[in-house]
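Trainee: My structure is below; once you've seen it, I'll send some questions.
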Amino acid sequence: AFEQLAADFYGFENELTDQEKEAIAALRAYLETEVKPIVNEYWERAEFPKQVIPELHRLGVASFAWDETKPFDNSAVFRGFVALELARVDGSVATYVGVQNGLAAGTLSACGSQEQKDEWLPKLASGEIIGAFGLTEPLSGSDSAQGLRTTAERQGDEWVINGAKRWIGNATFSDITVIWAKDVADGQVKGFIVPTETPGYTATKIEGKQALRSVQNADITLENVRVPERLRLQNANSFRDTAKVLRATRAEVAWAAVGVAVGAYEAAVKYASERVQFGKPIASHQLVQDLLAKSLANITASLALVVQVSRMLDAGTQRDEHSALAKAFTTSRMRETVAWAREIFGGNGIVLDYDVTRFFNDAEAVYSYEGTREMNTLIVGRAITGVAAFV
Ligand code: FAD
Numbered sequence: 002a003f004e005q006l007a008a009d010f011y012g013f014e015n016e017l018t019d020q021e022k023e024a025i026a027a028l029r030a031y032l033e034t035e036v037k038p039i040v041n042e043y044w045e046r047a048e049f050p051k052q053v054i055p056e057l058h059r060l061g062v063a064s065f066a067w068d069e070t071k072p073f074d075n076s077a078v079f080r081g082f083v084a085l086e087l088a089r090v091d092g093s094v095a096t097y098v099g100v101q102n103g104l105a106a107g108t109l110s111a112c113g114s115q116e117q118k119d120e121w122l123p124k125l126a127s128g129e130i131i132g133a134f135g136l137t138e139p140l141s142g143s144d145s146a147q148g149l150r151t152t153a154e155r156q157g158d159e160w161v162i163n164g165a166k167r168w169i170g171n172a173t174f175s176d177i178t179v180i181w182a183k184d185v186a187d188g189q190v191k192g193f194i195v196p197t198e199t200p201g202y203t204a205t206k207i208e209g210k211q212a213l214r215s216v217q218n219a220d221i222t223l224e225n226v227r228v229p230e231r232l233r234l235q236n237a238n239s240f241r242d243t244a245k246v247l248r249a250t251r252a253e254v255a256w257a258a259v260g261v262a263v264g265a266y267e268a269a270v271k272y273a274s275e276r277v278q279f280g281k282p283i284a285s286h287q288l289v290q291d292l293l294a295k296s297l298a299n300i301t302a303s304l305a306l307v308v309q310v311s312r313m314l315d316a317g318t319q320r321d322e323h324s325a326l327a328k329a330f331t332t333s334r335m336r337e338t339v340a341w342a343r344e345i346f347g348g349n350g351i352v353l354d355y356d357v358t359r360f361f362n363d364a365e366a367v368y369s370y371e372g373t374r375e376m377n378t379l380i381v382g383r384a385i386t387g388v389a390a391f392v
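Taking the UniProt record's numbering, the leading residue of the sequence shown gets 2, the next gets one more, and so forth.
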């Protein structure tokens, strides 16, 4: 049965329909019983727990958003709470879903022809195939709207892609990777569905990450990779189309940031009630309550923001600056909240067994990916002033 989260202090979950609540309850039960117990071990080994993939997909995590696959009509607020639930247990599992669902399936949905959507979305939704999204490059991160060096050249009925990508999530085990490349003929950014067994495509795991350690990120090289025109995303004609995908995924990441904050906060509340110092639980010390109350305020303000951004998505009024403001704000509040949670754990706050250090480290990646705080701030700044200050 569905139970409202204590961290949802103002009761935003009351907006969900009974069917949506049931889906959240089923996902939460699975995450609590099967995923939570194993995530620290996988985080330490820097390995993704692939055994969770089939059940996550059966529970709908990559199906809900798309007309071609959704099991029932649902709201963007509901899908936001799905992202929150995943991140509240583990940022890496949430990121796996964010890539598969938001970035890979999201690109197919926004930029694919109907034929391409019918072919790929059901397979991504069921987890039959794993997708990745290759935009960032070794020499181009924040400036990817203009700075991409990867090229695509049309030769007859084929495209020849050359270049390199960096940080690409899920890409060590993806079956297809969406590659964004500049068309040498018109200089516009186009998108290609690249099957990863294509000759000339190589993905190498990035080692030594200290945040989201279980997520597999890869460096990709593309040497004369040939894909048929059939695999060019038919509705991706310039970076504007890439930006459409990012607008939606940034809102999802804003939700996931609330989830990371909630996970750390819940762990801190529990620990504070159990840990005794000066003859009483530390929860009864005023300065500890101050940290908890400020954390709950961060979570509540962030939730109010993302709930409204999702309502705007459903109403068709969400613009780039709305999701950019949410991503910059909730990730900043998350960063503060996980640090306060870690503080409440004292020395145990740096030991993996207590979970909070995982949230603390993972927050750093969530803070920087899908547009850094600076980039999202500049998107908002452009909306306020009418002046683009990126360059
Ligand atoms: P840079 O762009 O080099 O920025 C460095 C610093 O300079 C930042 O603080 C930035 O804000 C600042 N800066 C840059 N320009 C300006 C400016 N004009 N004004 C002010 N400050 C500025 N990418 C993908 O394509 N697919 C993925 O699946 C993917 N997954 C990722 C997963 C993880 C764990 C991480 C860490 C990254 C992932 N990324 C992915 C890449 C991510 O989107 C980039 O890291 C991010 O966009 C920032 O780019 P960068 O790291 O190159 O930093």
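By construction, the Cβ of each residue, glycine as well, lies at the ideal position given by its N, Cα and C atoms.
Fair warning: this is a prediction, and the values are worked out from it, not measured in the lab.
#1: Rounded to the nearest angstrom, what separates Cys112 and Arg241 at their Cα positions?
#2: Please classify Gly92 as buried or exposed, where buried requires at least 16 neighbouring CB atoms within 10 angstroms.
#3: Quick one: what's got a C-beta closer than 7 angstroms to Arg89's C-beta in the same chain, skipping five residues either side?
#4: Under 8 angstroms between the Cβ atoms of Leu86 and Leu32?
#5: Could you tell me whether the Cβ atoms of Gly81 and Val307 are closer together than 8 angstroms?
#6: Quickly, what does DSSP pair Thr222 with across the bridge? List them, please.
#7: Count the other CB atoms within 10 Å of the CB of Gly350; is the residue buried (16 or more) or exposed (fewer)?
#8: Between which two residues does the alpha helix (DSSP H) containing Lys124 stretch?
#9: Are at least three pairs of beta-carbons, each pair with one atom in the region 248-256 and one in the region 322-333, less than 8 angstroms apart?
#10: Among residues of its own chain, excluding the 5 on either side of Pro139, which ones have a beta-carbon nearer than 6 angstroms to its beta-carbon?
#11: Which partner residues does Gly170 have in the DSSP bridge list?
#12: Where does Arg248 land, buried or exposed, given buried means 16+ other C-beta within 10 angstroms?
#13: Can you list, in chain order, the residues of its chain with a C-beta nearer than 6 angstroms to that of Ala126? Leave out the 5 residues immediately preceding and following it.
#14: Taking the alpha carbon of Ala95 as the reference point, which residue from Ile54, Phe279, Val381 has its own alpha carbon closest?
#15: Cα separation between Asp74 and Pro282?
Mentor: A quick look at the data gives this:
#1: The straight-line gap from Cα to Cα measures roughly 11 angstroms.
#2: With 16 or more Cβ atoms within 10 Å of its Cβ, Gly92 is classed as buried.
#3: Within the same chain, and ignoring the five residues on either side of Arg89 in sequence, the residues whose Cβ sits closer than 7 angstroms to its Cβ are Gly260, Val263, Gly264.
#4: First, the amino acid is wrong: residue 86 is Glu here, not Leu. Glu86 places its beta carbon less than 8 angstroms from that of Leu32.
#5: Yes.
#6: As DSSP reads the structure, Thr222 sits in a beta bridge with Ala165, Thr203.
#7: That one is buried.
#8: Going by DSSP, Lys124 is part of the alpha helix (DSSP H) stretching over 115-127.
#9: Short answer: they touch.
#10: Residues of the same chain with a CB within less than 6 angstroms of the CB of Pro139, apart from the 5 flanking positions on each side, are Ala165, Arg167 in chain order.
#11: The partner list for Gly170 (beta bridge, DSSP) reads Asn218.
#12: With 16 or more Cβ atoms within 10 Å of its Cβ, Arg248 is classed as buried.
#13: In the same chain as Ala126, and ignoring 5 residues on each side of it, the C-beta atoms closer than 6 angstroms to its own belong to Ala63, Ser64, Thr70, in chain order.
#14: Cα-wise, what sits closest to Ala95 is Ile54.
#15: Just so you know, the alpha carbons of Asp74 and Pro282 end up roughly 46 angstroms apart.
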